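In UniProt numbering, the protein residues as written are 1 to 198.
Everything on this sheet refers to the single structure shown next.
Structure representation (structure tokens):
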């Protein structure tokens with residue numbers, strides 16, 4: 001396999017996947033590369049269900065290998081919210097800044113030690129004629145008191161990875177990719193990637 005479709009319109013995610021897949025000799029296309037665009041409604045109740053739904057729907061539509069991910073932020077003190085609703089937490093327009101502002105408001109005056117959280121990424125792989133599967137990766141950390149940093153996207157400016165004093169948005173792309181939830185999920189399908197990249 002020399003090419004795979006990443007089932008997303010999110011260019012931030014596409015860049016991360018391009019960097020990771022490049023070493024396997026696999027080129028990446030996103031949904032934006034196709035005129036016949038499809039935006040799969042995420043009706044699942046878990047990251048796994050939503051990732052499989054996206055991957056299998058698009059793989060069947062075009063009869064090609066598809067990798068889809070569903071990811072989000074779980075905050076322990078908020079009973080795991082925003083979870084699968086991370087992208088639309090503050091409304092349907094998927095506004096990163098508003099999502100972060102809503103989350104910080106909900107956390108109020110709690111201290112960083114009470115703001116334990118994790119980024120979760122589930123990657124689903126759907127290949128025509130093969131059984132689909134998912135792999136989960138996480139990045140543990142805590143929610144900052146205020147946004148810091150200019151890099152990344154989503155909740156990166158308010159997430160401090162475990163073992164760091166910087167937010168995810170203050171890390172370089174290389175630093176972030178080496179510890180990210182997406183990276184950890186991808187490591188779990190590395191053997192499959194090597195096999196398909198041959």
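Just so it is clear, CB atoms sit at the ideal spot from N, CA and C, and this is done for glycine as well.
As the structure is a prediction and not an experimental result, all values here were calculated from the model.
query = Looking at the unbroken beta strand (DSSP E) that takes in residue 142, where does it start and where does it end?
reply = Its beta strand (DSSP E) spans residues 133 to 143.
query = Is residue 27 helix, strand or coil by DSSP?
reply = Residue 27: strand per DSSP, three-state reduction.
message = By alpha-carbon positions, which one of 103, 30 and 42 ends up nearest to residue 145?
response = That would be 103, whose Cα lies nearest to the Cα of residue 145.
query = Among the residues of its own chain, which have a CB less than 8 Å from the CB of residue 45, if the five just before and after it don't count?
reply = Contacts found: 84.
message = Our contact map puts residue 124 next to residue 51 with C-beta atoms below 8 Å; I'd like the distance itself, whole angstroms only.
response = Contact between residue 124 and residue 51 holds: their C-beta atoms lie close to 4 Å from each other, under 8 Å.
query = Quick one: any contact between the segment 30 to 47 and the segment 59 to 72, if contact means 3 or more CB pairs under 8 Å?
reply = They touch, by the three-pair rule.
query = Nearest to residue 193 by CA position, among 126, 150, 154 and 181, is which residue?
reply = Residue 126 is the option with its Cα nearest to residue 193.
ask   = Below 8 Å between beta carbons: does that hold for residue 206 and residue 169?
value = Given that the chain is displayed from residue 1 to residue 198, the structure contains no residue 206 and the question cannot be resolved.
query = If we ignore side chains and look at the alpha-carbon of each, how far apart do residue 181 and residue 162 end up?
reply = Rounded to whole angstroms, the separation of the alpha carbons of residue 162 and residue 181 is 12 Å.
message = I want to know whether the segment 82 to 99 touches the segment 129 to 138 - three or more CB-CB distances under 8 Å.
response = The segment 82 to 99 vs the segment 129 to 138: no contact.
query = Under a three-way DSSP split, which group does residue 71 fall into?
reply = Residue 71: strand per DSSP, three-state reduction.
message = In whole angstroms, give me the CA-to-CA distance for residue 128 and residue 195.
response = Those two C-alpha atoms are separated by around 16 Å.
Bridge partner(s) assigned by DSSP for residue 123 = Beta-bridge pairing links residue 123 to 69 and 135.
Residues sharing a beta bridge with residue 116, DSSP = Residue pairing by DSSP puts residue 116 in a beta bridge opposite 142.
ask   = So, helix, strand or coil for residue 204, using DSSP?
value = Since the first and last residues shown for the chain are 1 and 198, residue 204 lies out of range.
C-alpha distance - residue 152 paired with residue 98, whole-angstrom precision = When rounded, the distance between both Cα atoms is 16 Å.
query = If you measure from the beta carbon of residue 98 to each beta carbon in chain C, is any gap under 8 Å?
reply = Chain labels in this structure do not include chain C; a single protein chain is all it has.
query = When you compare only the Cα positions, how much space is there between residue 173 and residue 167?
reply = One C-alpha to the other measures close to 12 Å.
key: Which of helix, strand or coil DSSP assigns to residue 190   = Of the three classes helix, strand and coil, the one that applies to residue 190 here is helix, per DSSP.
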